[in-house]
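In UniProt numbering, the protein residues as written are 1 to 174. Where a beta carbon is used, it is the ideal one built from N, C-alpha and C, also for glycine.
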């Protein structure tokens, strides 16, 4: 590493763990270690989570086709969800290649409407969606309320279509 002082990455979404890592030249890492003792060591990644992240990396190394499949599912799923939400008060945002998507309500009282949406999808279809939740007082910028949708490797085409259909029906009732 000639022109880079530090490399950092998160383990949270892609590797089903928490925390992250930071690497760099010894003087940069030494500065971080000596200047941030309380933070660095009290927030160290627990062994169980480190093992989970390591296992996720091993699975990706052994089966690289899993990543390609999830990418294809994410791209196709985004198109399906956008079509399902078209003409409703809901919209979808997310990078096409990312398995994580966010559904937003375009109207007043977003929090309540999104909660009602999640509850209705569960009650009518026995499908569990989840709201993206944040500690607003701890955020530098307010994050817009949303429903988080995640495409996973083990989902079947039928399961995805069932979820999209349920979302379509409920979205057009608002």
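According to DSSP, residues forming a beta bridge with residue i
i           : result
residue 22  : 8
residue 93  : 102
residue 150 : 100
Continuous beta strand (DSSP E) stretch holding residue i: start and end
i           : result
residue 132 : 130 to 132
residue 88  : Per DSSP, residue 88 belongs to no beta strand (DSSP E) and is neither H nor E.
residue 160 : Residue 160 -> not in any beta strand (DSSP E); alpha helix (DSSP H) instead, spanning 157 to 171.
Reference residue i, options the options, closest by Cα
i           : options           : result
residue 65  : 153, 17, 108, 131 : 153
residue 76  : 161, 103, 26      : 161
residue 49  : 74, 78, 11        : 11
residue 27  : 58, 5, 62, 63     : 5
residue 163 : 118, 3, 95        : 118
residue 129 : 142, 101, 136     : 101
residue 159 : 80, 95, 31        : 80
Close beta carbons around residue i, own chain, < 8 Å, minus the five adjacent residues each side
i           : result
residue 106 : 89, 90, 91
residue 14  : 56
residue 110 : 104, 144, 145
residue 120 : 170, 173
residue 131 : 114, 115, 118, 145, 146, 147, 148
residue 60  : 66, 67
Beta-carbon contacts of residue i that lie in its chain and below 6 Å, excluding the five residues immediately before and after
i           : result
residue 125 : 166
residue 172 : 88
residue 174 : 89
residue 45  : 19
Proximity test, Cβ basis, 9 Å: residue i and chain C
i           : result
residue 149 : No chain C appears in the structure shown, which is made up of a single protein chain.
Boundaries (first-last residue) of the alpha helix (DSSP H) holding residue i
i           : result
residue 17  : Where residue 17 is concerned, there is no enclosing alpha helix (DSSP H), given that its DSSP letter is neither H nor E.
residue 60  : 47 to 62
residue 124 : 110 to 125
Residues of its chain near residue i, where Cβ-Cβ distance is below 7 Å and the 5 sequence neighbours each way are ignored
i           : result
residue 38  : Confidence is the limiting factor: at residue 38 the pLDDT is only 49, short of 50, which leaves the residue's position unreliable, though a coordinate-based value still follows. Result list for residue 38: empty, nothing under 7 Å.
residue 142 : 136
Cβ-heavy atom distance, residue i to the ligand HEM, below 8 Å
i          : result
residue 19 : Absence of the ligand HEM is noted for the structure shown, with no ligands found whatsoever.
Worksheet item: Can at least three beta-carbon pairs, one atom from the stretch 164 to 171 and one from the stretch 80 to 93, be found at a separation below 8 Å?
Response: yes
Practice prompt. Say whether the stretch 58 to 76 touches the stretch 130 to 148, bearing in mind that this needs 3 or more beta-carbon pairs closer than 8 Å, one atom from each stretch.
Written response: no
Worksheet entry | the stretch 3 to 23 in contact with the stretch 44 to 64 per 3-pair CB rule at 8 Å | yes
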